[in-house]
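Asker:
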Amino acid sequence: MEQFLQQVLNGLAVGGIYALVALGYTMVYGVLKLINFAHGDLFTIGAYLGLTLLVSCNLSGLLPVPLAVLAVFIMVALLVALIGFLLERAAYRPLRHAGRLSAVVSALGASIFFQNAVMLLYGARVYVYPDFLRPDFTVHLFGMNVPGVRLLVIAASIMLMLGLWAFIQRTRIGAAIRAVAIDPGAAQLMGINVDRIISLVFLIGPGLGGAAGLMVGIYYGQIDFTMGWSYGLKAFTAAILGGIGNIPGAMLGGLLLGVIEALAAGYIAIAWKDAIAFLVLILILIIRPTGILGERTADKL
Amino acid sequence: MKKILSCLAVLALLLPAVAWAGDFKIGLMCPLTGTWASEGQDMKNIVSLLVDEANARGGINGKKVTLVVEDDAGDPRTAALAAQKLASSEVLAVIGTYGSAVTEASQNILDESGLVQIGTGSTSVRLTEKGLPLFFRTCPRDDAQGKAAAAAIVKGGYKAVALLHDNSSYAKGLAEESRAILEAAGVKVIFFDALTPGERDYTAILTKLKAAGPDLVFFTGYYPETGMLLRQKKEMGWNVPMMGGDAANHQDLVKIAGAEAAAGYFFISPPLPQDMDSPEAASFLKAFKARYDTVPVSVWAVLAGDAFKAIEAALAAGKAEPEAMAAWLKQLKGMPGLSGSLGFDAKGDRVGEFYRTYKVDASGAFVLQPK
């Protein structure tokens, strides 16, 4: 039982990161019906920018550590949001009326561009976040010793997700985003500036992705220029699992995928964990082709 | 007119051979560009240093040594071209190269040209099992490491070992090899599985490992995953000892794991000259430092130096013909080299104990353990 709880907790920490990255995929898909393949690389950029700000710009030396991490958290989210905004302007907006395939090719191109840019700027070597940034305490929970930083990662991802959910559900701008997701044409007739809403989505999604990259950097320490690929793939899967275009679905899908992986590794075979996770995905899609929570929240309003 | 031209052509072909007849020409094939460029640069630096030293001593039996370097870019296709260029430039023997697949691409070309080749960073078992009479290597084979790893585990007195690999052919081969030898030696392998390399979170795997209760975890893969495993193992508060193979021999391991988590970790690897106390290693290191103001970072490059030493010794014994050189190398045993004792068996594989144990100390330094 203790091992089971431990594995669930392991899975939640991994799944929290998947979910944060998945939100970026799902929001963009919601408004544009486009899979933003460059999203995983924006996540990588977040991890690298965080390291640059903390170490090279010596923010961690100027401020107390928790304050520096918080400041960098916000700065990275803003910077990656800006990159996401520029990405949409440069690579997606000119192709908005050009058919879906062109946009997908453009997204793949952007992904390759970002990945290589990071490699050329930082080099192909593995980078390591300094150790002292990580809060080092242990929490006793149900008879288990849980590293505190693990709980912080889970808590931070859940808080970010709930914040986003409240923003989408409770504010006027959130309502506008939902309206654009349902029907861009009708939303425009209702006086919503669709271009501005799409830009906003490209600020929020990449911002969260960049924040997730920073969290992975601080928590796991090691970052490299290809990390966005594997996290991106898993997060994309999580978005589909929960129902792409659906925000609570992305959260649920991410957490679920993390837990399935951990349990498959723990109880079946480590080498088979990805195969099992994807098998579960296929089974769920056979039973519910639109994912667990269906395609869009908006439909259920 | 045609006759004169063809005569001239024949002469032109002969000329280089005549011009260089007074020298020993030795080829070096190494990755000077591409992913493994740092390895190749080191190989070139080390071999040219040894060539210059040999010439400063008056050459080999009074003849100067010249080195012909070709870049293989760490790529099999480029390696085939490089091998052809070397074969047509009248070298006596070829040293190199790094990477089994790259070496393999050059093997047949050099063999058909009748040249002795000494591979340096080419550990795949297959390379010497083809029966090529002129192929040698100064690096150990992949299956030699399994024996050394099992010996270290038996010597450490461990009784219940967990084996973990990353599904790469190298790490999987090492894990399987070790398992067979360990079981024959009466050590229980209570866990055998593979992780996915390149991930960040291995806590699910560690939780499962911990439940199996091994007294040693042997992960046969590379240093980035090893670093993550050590770090997350410490985070869990699990103190089981952990060991690795030569793919863990990289200083970034300590950076990733943190010195505290890495302390006590040990791995087996061919030793670097700076860690050895033999006079050959010491004098080589001194000369290398004086010329390049750094130390060799990779053992594989040092093995290119050993390949040159073997060829130099064969030439000094008057064996310049490929067949004679090969026959002489196959009987060579126990010659002091840069990386320990040097010798070859009938297949062309290096003989002698070669793997040593390194342990990470509290400051995060790799310390070579006494034999």
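Line by line, the protein sequences are chains A and B. For any residue, its number in the numbering used here is found by taking its place in the first sequence, counting from 1, and adding 45. For any residue, its number in the numbering used here is found by taking its place in the second sequence, counting from 1, and adding 1346. For glycine and all other residues, C-beta sits at the position ideal for the given N, C-alpha and C. Remember, it's a predicted structure, so these values are computed and weren't measured experimentally.
1. Using CA coordinates, which residue listed in D1489(B), K1601(B), K1655(B) and M1574(B) is at the minimum distance from M1588(B)?
2. Taking only runs that begin and end inside the region 267-314 of chain A, name each unbroken alpha helix (DSSP H) of 4 or more residues, in chain order.
3. With respect to the alpha helix (DSSP H) encompassing I243(A), which residues constitute its N-terminal and C-terminal limits?
4. Any beta carbon of chain A sitting closer than 8 Å to that of W1366(B)?
5. Starting from the Cα of G154(A), find the closest Cα among E133(A), H142(A) and G168(A) and give me that residue.
6. So within the region 1406-1434 of chain B, which uninterrupted beta strand (DSSP E) runs reach at least 3 residues, ignoring any that extend past its ends?
7. Answer with yes or no whether the minimum CB distance from L1541(B) to chain A is below 8 Å.
8. Quickly, what does DSSP pair P192(A) with across the bridge? List them, please.
9. Count the other C-beta atoms from every protein chain shown that fall within 10 angstroms of the C-beta of L115(A), then say buried if there are 16 or more, exposed otherwise.
10. DSSP beta-bridge partners for K1534(B)?
11. If you count every other CB in all the chains shown that lies within 10 Å of the CB of M1582(B), and 16 or more means buried, which is it?
12. So is R215(A) buried or exposed if we call it buried at 16+ other beta carbons inside 10 Å?
13. Rounded to whole angstroms, how far is the Cβ of T271(A) from the Cβ of G1544(B), which I believe are closer than 8 Å?
14. Do G299(A) and G60(A) count as a contact pair if the criterion is CB distance below 8 Å?
15. Quick one, are the C-beta atoms of A1540(B) and A1496(B) less than 8 Å apart?
16. Say whether chain B places a C-beta atom closer than 8 Å to the C-beta of Y137(A).
17. Go to M1681(B), then tell me how far its alpha helix (DSSP H) extends in each direction, as first and last residue.
18. Just the Cα atoms here: how many angstroms apart are A1708(B) and V1600(B)?
19. Identify every residue that forms a DSSP beta bridge with C1376(B).
20. Measure from the C-beta of P1422(B) to each C-beta in chain A and report whether the shortest distance is under 8 Å.
21. Under the three-state reduction of DSSP, which class applies to G56(A): helix, strand or coil?
22. Going by C-alpha to C-alpha distance, which of V1448(B), K1410(B) and A1653(B) sits closest to L1427(B)?
23. Against chain B, which members of the region 197-227 of chain A pass a CB distance test of less than 9 Å?
24. Would you please state the rounded distance, in angstroms, between the beta carbons of A1684(B) and A1627(B)? I believe it to be under 8 Å.
25. Go to M46(A), then tell me how far its beta strand (DSSP E) extends in each direction, as first and last residue.
26. Please name the residue, chosen from F212(A), L65(A), V117(A) and R138(A), that lies closest to L77(A) on a Cα-to-Cα basis.
27. Following a CB-centred definition, is L1427(B) positioned closer than 7 Å to any heavy atom of the ligand NAP?
28. Of the residues V1415(B), L1562(B) and Q1430(B), which one's Cα is nearest the Cα of K1505(B)?
29. Pick out whichever of A211(A), R333(A), R179(A) and F82(A) has its Cα sitting closest to the Cα of L196(A).
30. Measure from the C-beta of P1570(B) to each C-beta in chain A and report whether the shortest distance is under 8 Å.
31. Starting from D1539(B), follow its DSSP beta bridges and name the residues at the other end.
32. Any chance you could list the beta strand (DSSP E) runs of at least 3 consecutive residues sitting entirely within the region 1622-1692 of chain B, in chain order?
33. What does the Cβ neighbour count give for N291(A), buried or exposed, with the cut at 16 atoms within 10 Å?
34. Can you check which of these residues, A1692(B), K1717(B), G1710(B) and F1712(B), is closest to R1483(B) by C-alpha distance?
35. Does A316(A) come within less than 8 Å of chain B when only Cβ atoms are used?
36. Kindly indicate the opening and closing residues of the beta strand (DSSP E) around S1615(B).
Answerer: For this structure:
1. The candidate whose alpha carbon is nearest that of M1588(B) is M1574(B).
2. Listed in chain order, they are 272-287 and 292-312.
3. Segment V239 to Y265, the alpha helix (DSSP H) holding I243(A).
4. Only weak support exists for where W1366(B) lies, its pLDDT of 47 falling under 50; the value from the coordinates is given anyway. It does not: the Cβ of W1366(B) has no partner Cβ on chain A nearer than 8 Å.
5. With distances taken between Cα atoms, G154(A) lies closest to E133(A).
6. 1411-1417, all fully within the region 1406-1434 of chain B.
7. Interface criterion met: the Cβ of L1541(B) is under 8 Å from a Cβ in chain A.
8. Its beta-bridge partners are T183(A).
9. With fewer than 16 other beta carbons inside 10 angstroms of its own, L115(A) counts as exposed.
10. Secondary-structure assignment with DSSP links K1534(B) through a beta bridge to A1506(B).
11. So M1582(B) counts as buried.
12. Classification of R215(A): exposed, given that the 10 Å Cβ count is below 16.
13. With a beta-carbon spacing of about 7 Å, T271(A) and G1544(B) fall inside the 8 Å limit used to define contacts.
14. Cβ distance < 8 Å, so G60(A) and G299(A) count as in contact.
15. No.
16. No, its Cβ sits nowhere closer than 8 Å to a Cβ of chain B.
17. Looking at the DSSP string, M1681(B) is not in any alpha helix (DSSP H); the run it does join, the beta strand (DSSP E), is M1681 to G1683.
18. Spanning the two alpha carbons is a distance of roughly 11 Å.
19. The partner list for C1376(B) (beta bridge, DSSP) reads D1417(B).
20. It does not; no Cβ of chain A falls within 8 Å.
21. Helix.
22. Nearest C-alpha to L1427(B): V1448(B).
23. Across the region 197-227 of chain A, no CB contact with chain B closer than 9 Å is found for any residue.
24. Note that residue 1684(B) is Leu in the sequence shown, not Ala. The C-beta separation of L1684(B) from A1627(B) comes to about 6 Å, placing the pair in contact by the 8 Å criterion.
25. Premise fails: M46(A) is in no beta strand (DSSP E) and is neither H nor E.
26. Closest in alpha carbon position to L77(A), among F212(A), L65(A), V117(A) and R138(A), is R138(A).
27. What this structure holds is no ligand at all, so the ligand NAP is not there to describe.
28. The candidate whose alpha carbon is nearest that of K1505(B) is L1562(B).
29. The candidate whose alpha carbon is nearest that of L196(A) is R179(A).
30. At a cut-off of 8 Å between beta carbons, P1570(B) contacts chain A.
31. Bridge partners of D1539(B): L1510(B).
32. As far as the region 1622-1692 of chain B is concerned, its whole beta strand (DSSP E) runs of at least 3 residues are 1681-1683 and 1686-1688.
33. Result: buried.
34. Among A1692(B), K1717(B), G1710(B) and F1712(B), the Cα nearest to that of R1483(B) is on A1692(B).
35. So, interface residue.
36. Its beta strand (DSSP E) spans residues F1612 to S1615.
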